[in-house]
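Down below is the structure, laid out as structure tokens.
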Amino acid sequence: MKVDEIIQYPPNTLSDDQRHFYFENGYLLLESAIPEYWLKRLRAVTDEMIEFSRSISVSDVIWDIEKDHSSENPRLRRLTSPNDQSDTYWEFASNSLITDIVADLVGPDVKFHHSKLNFKWAHGGEEVKWHQDIQFWPHTNYSPLTVGLYLYDCSPEQGPLVVLPKSHKHDLYDQYNESGQWMGCLNIDDASNLDTTHATELSGPAGSLTIHNCRTLHSSMPNRSSVGRPLLLNVYSSADAMPYTPVPTPSKFYQTIVRGKTARWAHHDDRPCQIPPDWSGGYTSIFALQQEEAR
Numbered sequence: 044m045k046v047d048e049i050i051q052y053p054p055n056t057l058s059d060d061q062r063h064f065y066f067e068n069g070y071l072l073l074e075s076a077i078p079e080y081w082l083k084r085l086r087a088v089t090d091e092m093i094e095f096s097r098s099i100s101v102s103d104v105i106w107d108i109e110k111d112h113s114s115e116n117p118r119l120r121r122l123t124s125p126n127d128q129s130d131t132y133w134e135f136a137s138n139s140l141i142t143d144i145v146a147d148l149v150g151p152d153v154k155f156h157h158s159k160l161n162f163k164w165a166h167g168g169e170e171v172k173w174h175q176d177i178q179f180w181p182h183t184n185y186s187p188l189t190v191g192l193y194l195y196d197c198s199p200e201q202g203p204l205v206v207l208p209k210s211h212k213h214d215l216y217d218q219y220n221e222s223g224q225w226m227g228c229l230n231i232d233d234a235s236n237l238d239t240t241h242a243t244e245l246s247g248p249a250g251s252l253t254i255h256n257c258r259t260l261h262s263s264m265p266n267r268s269s270v271g272r273p274l275l276l277n278v279y280s281s282a283d284a285m286p287y288t289p290v291p292t293p294s295k296f297y298q299t300i301v302r303g304k305t306a307r308w309a310h311h312d313d314r315p316c317q318i319p320p321d322w323s324g325g326y327t328s329i330f331a332l333q334q335e336e337a338r
């Protein structure tokens, strides 16, 4: 669905100004958008996940752990597909304010793609280099977006999400290196030539939502603070966006319609999109790829 069609529908939750800001800039920050009762539930289940991770010694399809992770001192980078690990995560992703917000930005028919929980552990949680999402999971159009939820307050020292406004309007970058290996980020030359003058940190209090379009350049710095920065991420698209390639992080809820109805026609954007490696044989995480652990 095109933007001029989306805005013909009255908004459910967002203001017209917020919608137009997103379409113009490729992102939104909604401070304290999620009520405390949801935060309590999500924190509780996340604590359970962390406790379970004490029994994990190597990264796998569910857990991405830091090198010094141990049962005595858990240090996690990512929980993959949290919606598959607990009903609470999926209830939040599929039956909360989130789907109304997404519908305001992609149209009334909303489809779920995948989820992850990036922990950004205290005292050194790794950076995420500049990249765009859609090259990881190309679709027939560019409606896919990611909604992040800060489970706790997030300050600039904790490595919040950083976006480059309006970058979704420009060409996509090549996220392979000169040897043809997938990096999952911009190469050194492209990154060094970025004009980051207007790069925007999306920090905020607990319950804040970060939303960025699949073409928007984004990154985050390491967490040098004494407090972790768990960011729960859910990815959605319009129902008429059809994936070209296997999803990197499979989920039993993949392609589930969470609002509205199934599309009968695919919408094709005429702008090209880079194709990633074949993820059907497995995938580690963006951290492992960008740190070249998987090569």
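Residue numbers (my numbering): 44 to 338. Positions of the beta carbon are idealized from the N, C-alpha and C atoms, including for glycine.
- Task: Could you say if the region 202 to 220 and the region 304 to 321 meet the contact criterion of at least three C-beta pairs nearer than 8 Å?
- Result: yes
- Message: Could you tell me which whole beta strand (DSSP E) segments of length 3 or greater appear in the region 272 to 302?
- Response: 274 to 281 and 300 to 302
- Query: Ends of the beta strand (DSSP E) at Trp-106?
  - Reply: 106 to 108
- Message: In whole angstroms, give me the CA-to-CA distance for Gln-61 and Lys-304.
- Response: 25 Å
- Exposed or buried, which one is Glu-169 when buried takes at least 16 other CB atoms within 10 Å? buried
- Query: Is Lys-212 helix, strand or coil when you go by DSSP?
  - Reply: helix
- Task: Could you pull out every residue in the same chain whose Cβ sits closer than 6 Å to the Cβ of Pro-242, ignoring the five residues on either side in sequence?
- Result: Note that residue 242 is Ala in the sequence shown here, rather than Pro. Around Ala-242: Val-205 and Leu-207.
- Backbone CA spacing between Thr-131 and Tyr-193 [nearest angstrom]: 16 Å
- Item | Residue(s) in a DSSP beta bridge with Phe-155 | Tyr-279
- Message: Just to check my reading of the structure: Met-4 and Gly-202 have Cβ atoms closer than 8 Å, yes? What is that Cβ distance to the nearest angstrom?
- Response: Given that the chain is displayed from residue 44 to residue 338, the structure contains no residue 4 and the question cannot be resolved.
- Message: According to DSSP, is Asn-68 part of a helix, a strand, or is it coil?
- Response: helix
- Cβ-based burial, Thr-239 [other Cβ within 10 Å; buried from 16]: exposed
- Message: Taking DSSP's pairing of strands, which residues face Val-101 in a bridge?
- Response: DSSP, once it has assigned bridges, lists no residue as partnering Val-101.
- Length of the line joining the Cα atoms of His-112 and Ala-284: 38 Å
- Item | Cβ pair Val-301, Val-153 closer than 7 Å | yes
- Item | Element boundaries [beta strand (DSSP E), containing Lys-172] | 171 to 174
- Kindly indicate which three-state DSSP category Ser-262 falls into: helix, strand or coil? strand
- Item | Straight-line Cα distance separating Met-226 from Arg-338 | Residue placement at Arg-338 is flagged as unreliable, the pLDDT there being 44, under the threshold of 50; a coordinate-derived value is accordingly withheld.
- Message: Is it the case that the region 62 to 82 contacts the region 157 to 165, given that we only count it when at least three CB pairs across the two stretches are under 8 Å?
- Response: no
- Nearest neighbour of Arg-310, chosen from Leu-119, Thr-259 and Ser-186 [CA to CA]: It should be noted that the sequence gives His, not Arg, for residue 310. When each option's Cα is compared against that of His-310, the closest is Ser-186.
- Message: Beta-carbon within less than 7 Å of Pro-54's beta-carbon, same chain only, minus the 5 sequence neighbours each way: which residues are those?
- Response: Arg-62 and Asp-147
- Message: Can you check which of these residues, Thr-89, Asp-233 and Gly-250, is closest to Lys-172 by C-alpha distance?
- Response: Asp-233
- Could you check the C-alpha separation between Glu-48 and Asp-90 for me, to the nearest Å? 42 Å
- From Lys-45 to Leu-188, what distance separates their C-alpha atoms? 14 Å
- Query: Taking just the CA atoms, how far does Ile-254 sit from Ser-340?
  - Reply: In the structure displayed, the chain extends from 44 to 338; residue 340 sits before or after that span and is not available.
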